[in-house]
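The next block holds one structure in the form of C-alpha cells; read it before the comments.
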Amino acid sequence: MKKRNIILTLVAVLLALLFLWFAKENFDAYKVRILNLCAIYTILGLSMNLINGFTGQFALGHAGFMAIGAYTTALLTMPVAVKQQNFFLAPIVEPLKDLTVPFFPALLLGGIFAAVVGFLIGAPALRLKGDYLAIATLGFSEIIRIVITNAQRVTNGALGLKGIPNTTNLWWSYGTAVVTAVFIILLINSSYGRAFKAIREDEIAAESMGISLFKHKVMAFTIGAFFAGVGGGLLGNLLGTIDPLMFRFFLTFNILLIIVLGGMGSITGTIISAFIVTIGLEWLRFLDQSINLGFVVIPGISGLRMVVFSVLLMIVVLFFRHGIMGTNEFSWDKLINRLNKRPLVKGGTK
Amino acid sequence: MALKLFLQDILDVMTPEMFLQHLTNGISLGSLYALVAIGYTMVYGILRLINFAHGDIFMMATYFTFYSIVMFSIPWYVTFILVIIMTGALGMVVEASAYRPLRDAPRISILISAIGASFLLENLAIVIFGGRPKAFPAPELFTKVFMVGSVSVQRLTIIIPVVAVVLLFALLYLINNTKSGMAMRAVSKDHETARLMGVDIDRTISLTFGIGSMLAAVGGMMWGLKFPQIAPLMGVIPGLKCFIAAVVGGIGNIKGAVIGGFILGIGEIMLVALLPSLTGYRDAFAFILLIMILLFKPTGIMGEKITEKV
Chain A
389 MKKRNIILTL VAVLLALLFL WFAKENFDAY KVRILNLCAI YTILGLSMNL
439 INGFTGQFAL GHAGFMAIGA YTTALLTMPV AVKQQNFFLA PIVEPLKDLT
489 VPFFPALLLG GIFAAVVGFL IGAPALRLKG DYLAIATLGF SEIIRIVITN
539 AQRVTNGALG LKGIPNTTNL WWSYGTAVVT AVFIILLINS SYGRAFKAIR
589 EDEIAAESMG ISLFKHKVMA FTIGAFFAGV GGGLLGNLLG TIDPLMFRFF
639 LTFNILLIIV LGGMGSITGT IISAFIVTIG LEWLRFLDQS INLGFVVIPG
689 ISGLRMVVFS VLLMIVVLFF RHGIMGTNEF SWDKLINRLN KRPLVKGGTK
Chain B
12 MALKLFLQDI LDVMTPEMFL QHLTNGISLG SLYALVAIGY TMVYGILRLI
62 NFAHGDIFMM ATYFTFYSIV MFSIPWYVTF ILVIIMTGAL GMVVEASAYR
112 PLRDAPRISI LISAIGASFL LENLAIVIFG GRPKAFPAPE LFTKVFMVGS
162 VSVQRLTIII PVVAVVLLFA LLYLINNTKS GMAMRAVSKD HETARLMGVD
212 IDRTISLTFG IGSMLAAVGG MMWGLKFPQI APLMGVIPGL KCFIAAVVGG
262 IGNIKGAVIG GFILGIGEIM LVALLPSLTG YRDAFAFILL IMILLFKPTG
312 IMGEKITEKV
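Protein chains in written order, with the numbering used here: chain A, 389 to 738; chain B, 12 to 321.
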C-alpha cells in the first residue's frame, strides 16, 4: 500500500469519527436513528454478501437469523419489571424471568445463538443449490418466525416485546459495523476466503482442487448467521419494540436489494449501497405524503414509495446487473485516476 | 405407553364422519394447490426458474374478479372468462418485462428479477387496490351446502376438484397432442436444439407463462370463493406452498404437481384435525415437508434424476 493511500484512509476515518461525534451532539433523534439504521444495514448486508456474494450460495434466510438475534438480545437485556409487564398472557419461562445481562454479552449471545441455528440449518440445507437452496432457507426462516409466534412463554408470541432498552447508539452500531467489515475483509483475503470465491466460480473445479465444499459453505453460512444475529440484536435494541411480523421475507428482500445494488461480492459496494438504500427509503417517504407544487396539490398515495423501490430494484437487475461496484473494491488509486481523468495504466495500476 | 395414549386421543376426536369431512376439505384445498402448482411446475420445466411472481399473479386474478363483479356488475360466468384471459395476459407481460431481458444472464440475476417482479406486483396492488382486505363476491350457486349422510358439503368442495381434474386433462392433451405442446416439451429439453429445429423460443415461453397464469387465475377465483377475503399479500403464502407442492411432486412434472398439491392440502387439514394443539404450526407443515423432500428425495415423487455434467 502506498504511503499516500494510508494517509488518505486515516484522514477519511478521522473525518467519519468527527462526523459521528457531530451527529451525536447535534442531529435530532430521527436523523440519528437513520444513521444507526445505515450502520445496522451495513452489518446485515456484509453478512449476507459473505454467503450470497462471496460464496455464491443464494440463501434467503436472513430475516430468521435476525429474529433470533433480536429476540435473544432483547430478552436478555430487558429489566425484570418490563418483562413482567410484557408477559401478561402467559408467564415467562423460569430462567429468563430474572435474568438480565449487560448489552455486550447479550448481543454476543444473540449472535452465537443465531450462528448455532445457522449451523443446524446450513448443514443439511447447503447440500442444495440455486433456487432450491433459496426456497429451503426461506422456508427455514419462515419456520423460525412461526416458532417465535407460537412460543408464547418465551417470546410473548404475536404480541411481541415492548420496552426494550434503547442501548444501541451511534458508537455501538458503527463500532460493530467496523468490526464486522474488518473481520469479513480479513476472512475474504485469507485462504478460507479464496476457497469461498473458488466455490462461487465453479463448485466442481473447486472440489477437484481439494476444497471441501461442505466445510466452507457451512462456515460461510454460520459466520453470516452470526453477524445477522448481531445485526438483529442491534436493531431490536434500537427500535425498542419487536414482533414476529417484522421478520417477514420483506426484511430479507431489503438486504438483498442492498447487496444487489452494491454488487454481489464487493465489501465497499455493500457499505455504500447500505447507506444509499437506507437513506433512500427514508427520503422517498415524500412520495407517500401529499406534495404541494404551489398551483396544484398532488395527494399522497401510501405505498407508492415501495412501488418506486421495487421498480428501482428491477431496473438495477435488468440494466446494471453488476451494481455499483460489481466484484471490485473501492481504491484511492482508481478514484484519484478518475478525478484526474487519466486512463488507468495498461495492465492495471501497479 | 405415551404413544398409545396419543393414539387414543386421536381416536377420540376422530369419528368416521369427521374423518370424511376433513378428507373432503383436504381434497378441495389440495385441488386448489394443484391448480396453482401446475403453473410453477410448467415454468420451472421450461426455464429452470422459480416464478416468484406466480403467487402474486394469483392474487391479481382475485382482484380482477372482484372489480369485474362488484364495480362493473358483469355476470360471473362472463367475468370468469374475462379474468382468465386478463390474467394470462398479465403473466405474459411479466415474462416479457422481467424474465425475457435476462435470458442469458446468470441464474442469480434472474432469481432476483423474479423476486423484484413479485414485490412490484404486491406493492402495485397495495397502491391501486388499497391495503384493506375486501370481501370476495361469491355467487350463491357455489356456496350452497348440502348433506351427504351426516357430512355437510359445500357445492364448491365438489366443484373445485372437478374443475382441477378437467383442466389437468385438458392441459395434458395440450402438451402431448398439439404442436404448441410439442414445442414446449422441446424447449424444456434443450433451448438451443429446439431453436435449431425452428421452434420460436420466446413465443413458446410466453405461451407457457400465459397458460400457467390462466390456471393460477382459475385457482385464484376458486380460492376467493372458498376463502372470501382478498388482500394484496394473500398470494405470498399460497404461492410458496404451491411451489412446495410442485417440488414435492417432482418439479417440471405436471402430474407430480397435482399429486404434491393433494399431499399438501390433505396433510395440512389432517394435521390440524388430528393434532389441534399444533394449529399454530399449520403453515410450517409445508416448509417441513419441503425440507424433508429436498433432503431425502430432491427430485420429488415423480421427478427424474438430473446428473450434472462438467
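Backbone N, C-alpha and C define an ideal beta-carbon position, used for all residues, glycine too.
All values derive from a computational prediction rather than experimental measurement.
Determine the chain B residues that contact residue i at a beta-carbon separation under 7 Å, and present them in chain order.
| i | result |
| --- | --- |
| G518 (chain A) | R118 |
| F446 (chain A) | I119 and L122 |
| L692 (chain A) | V138 |
| P512 (chain A) | L306 |
| G527 (chain A) | F298, L301 and I302 |
Would you list the one or two residues that DSSP bridges to residue i?
| i | result |
| --- | --- |
| A146 (chain B) | B:Q240 |
| Q165 (chain B) | B:V156 |
| L549 (chain A) | A:I630 |
Can you list the residues of chain B that residue i reaches, using a CB-CB cut of under 9 Å?
| i | result |
| --- | --- |
| Y571 (chain A) | Contrary to the premise, residue 571 (chain A) reads as Phe rather than Tyr in this sequence. In chain order: nothing, as chain B lies at least about 24 Å away. |
| G506 (chain A) | Residues of chain B passing the Cβ test: none, with the nearest at roughly 15 Å. |
Along chain A, in chain order, which residues have C-beta atoms closer than 7 Å to that of residue i?
| i | result |
| --- | --- |
| I265 (chain B) | Those within 7 Å of I265 (chain B) in chain A number zero; the least Cβ separation is about 19 Å. |
| Y292 (chain B) | I534 and N538 |
| L135 (chain B) | V695 |
| G127 (chain B) | S698, L701, M702 and V705 |
| L275 (chain B) | Those do not exist, as L275 (chain B) stays about 13 Å from chain A at its closest Cβ, beyond 7 Å. |
| A109 (chain B) | M702 |
| L58 (chain B) | Correct list: empty, because the minimum Cβ distance to chain A is about 11 Å. |
| F130 (chain B) | F641 and S698 |
| A295 (chain B) | I531 and I534 |
Report, in whole angstroms, the separation of the C-beta atoms of residue i and residue j, which I expect to be a contact under 8 Å.
| i | j | result |
| --- | --- | --- |
| G498 (chain A) | G621 (chain A) | 4 Å |
| H450 (chain A) | I643 (chain A) | 5 Å |
| I270 (chain B) | L182 (chain B) | 15 Å between Cβ atoms; not a contact. |
| G545 (chain A) | A539 (chain A) | 7 Å |
| L275 (chain B) | A256 (chain B) | 5 Å |
| I280 (chain B) | H65 (chain B) | Not a contact, Cβ separation roughly 23 Å. |
| F153 (chain B) | I170 (chain B) | 6 Å |
| F635 (chain A) | M454 (chain A) | 6 Å |
| A72 (chain B) | A295 (chain B) | About 27 Å separates the two Cβ atoms, so there is no contact after all. |
| A662 (chain A) | G433 (chain A) | 5 Å |
| V54 (chain B) | G311 (chain B) | Contact doesn't hold; Cβ gap of about 16 Å is too wide. |
| P249 (chain B) | V47 (chain B) | 7 Å |
| F491 (chain A) | N625 (chain A) | 7 Å |
| L254 (chain B) | I712 (chain A) | Note on residue identity: the sequence assigns Phe, not Leu, to residue 254 (chain B). Their Cβ separation, rounded to whole angstroms, is 32 Å, which puts F254 (chain B) and I712 (chain A) out of contact at 8 Å. |
| Q240 (chain B) | P148 (chain B) | At roughly 12 Å, the Cβ-Cβ gap does not stay under 8 Å, so Q240 (chain B) and P148 (chain B) are not in contact. |
| W234 (chain B) | L43 (chain B) | 6 Å |
| S191 (chain B) | L218 (chain B) | 6 Å |
| T461 (chain A) | L495 (chain A) | 5 Å |
| T441 (chain A) | A613 (chain A) | In the sequence under discussion, the amino acid at residue 441 (chain A) is Gly, which differs from the Thr named in the question. So it is not a contact: roughly 16 Å between Cβ atoms. |
| D213 (chain B) | R111 (chain B) | 7 Å |
| V705 (chain A) | G127 (chain B) | 6 Å |
Mind pulling the chain B residues with CB within less than 8 Å of residue i?
| i | result |
| --- | --- |
| A524 (chain A) | L301, I302 and L305 |
| F453 (chain A) | Ordered by position in chain B, no residue passes the 8 Å Cβ test against F453 (chain A), which lies about 16 Å from the chain. |
| V481 (chain A) | Those within 8 Å of V481 (chain A) in chain B number zero; the least Cβ separation is about 17 Å. |
| P493 (chain A) | The contacting residues do not exist; P493 (chain A) stays about 31 Å from chain B at best. |
Using a C-beta to C-beta distance shorter than 8 Å, which residues of chain A count as neighbours of residue i?
| i | result |
| --- | --- |
| F254 (chain B) | I523 |
| I331 (chain B) | Here chain B has residues from 12 to 321 only, and residue 331 (chain B) is not among them. |
| P112 (chain B) | L706 |
| A268 (chain B) | Within chain A, no residue comes near A268 (chain B); the closest Cβ sits about 15 Å away, beyond 8 Å. |
| F180 (chain B) | In chain order: nothing, as chain A lies at least about 29 Å away. |
Going along chain A, which residues have a C-beta under 9 Å from residue i?
| i | result |
| --- | --- |
| P309 (chain B) | R515, L516 and Y520 |
TODO: Ignoring anything shorter than 4 residues or poking outside the stretch 631 to 667 of chain A, list the alpha helix (DSSP H) runs there in chain order.
DONE: As far as the stretch 631 to 667 of chain A is concerned, its whole alpha helix (DSSP H) runs of at least 4 residues are 637 to 650.
- [ ] Report the residues of the stretch 531 to 546 of chain A with a CB closer than 8 Å to any CB of chain B, ordered along the chain.
- [x] Hits within the stretch, in order: I531, I534, V535, T537 and N538.
Open item on the list: Quick check on the DSSP output: what are the complete alpha helix (DSSP H) runs of length 4 or more inside the stretch 98 to 153 of chain B, in order along the chain?
Closed with: With a minimum length of 4 residues, the continuous alpha helix (DSSP H) runs that stay inside the stretch 98 to 153 of chain B are 118 to 140.
- [ ] Please list the residues of the stretch 203 to 225 of chain B that have a C-beta atom closer than 8 Å to any C-beta atom in chain A, keeping them in chain order.
- [x] Result list empty, no residue passes.
Task: the stretch 640 to 656 of chain A: positions lying closer than 8 Å to chain B by Cβ - done: Near chain B, meaning a CB-to-CB distance below 8 Å, the residues of the stretch 640 to 656 of chain A are F641, L644, V648 and M652.
TODO: May I ask you to list, following chain order, the residues of the stretch 79 to 91 of chain B that have a beta carbon less than 9 Å from some beta carbon of chain A?
DONE: Within the stretch 79 to 91 of chain B, no residue qualifies.
TODO: Quick one: which residues of the stretch 141 to 169 of chain B get their C-beta closer than 8 Å to a C-beta of chain A? List them in chain order.
DONE: Taking 8 Å as the Cβ-Cβ cut-off against chain A, the residues of the stretch 141 to 169 of chain B that qualify are G142.
- [ ] Entirely within the stretch 213 to 293 of chain B and at least 4 residues each: give me those alpha helix (DSSP H) ranges in chain order.
- [x] Entirely contained in the stretch 213 to 293 of chain B, the alpha helix (DSSP H) runs reaching 4 residues are, in chain order, 247 to 260 and 265 to 285.
TODO: Can you give me, in chain order, the residues of the stretch 700 to 714 of chain A that have a beta carbon less than 8 Å from any beta carbon in chain B?
DONE: Along the stretch 700 to 714 of chain A, the positions whose C-beta sits under 8 Å from a C-beta of chain B are L701, M702, V705, L706 and R709, read in chain order.
Open item on the list: To be precise: take each residue of the stretch 34 to 49 of chain B, compare its Cβ to all Cβ atoms of chain A, and keep it if any distance is under 8 Å. Which residues remain?
Closed with: Listed in sequence order: no entries.
Task: Segments assigned alpha helix (DSSP H), at least 4 residues, entirely inside the stretch 559 to 629 of chain A - done: Taking only runs of at least 4 residues, the alpha helix (DSSP H) segments lying wholly in the stretch 559 to 629 of chain A are 579 to 589, 591 to 596 and 601 to 627.
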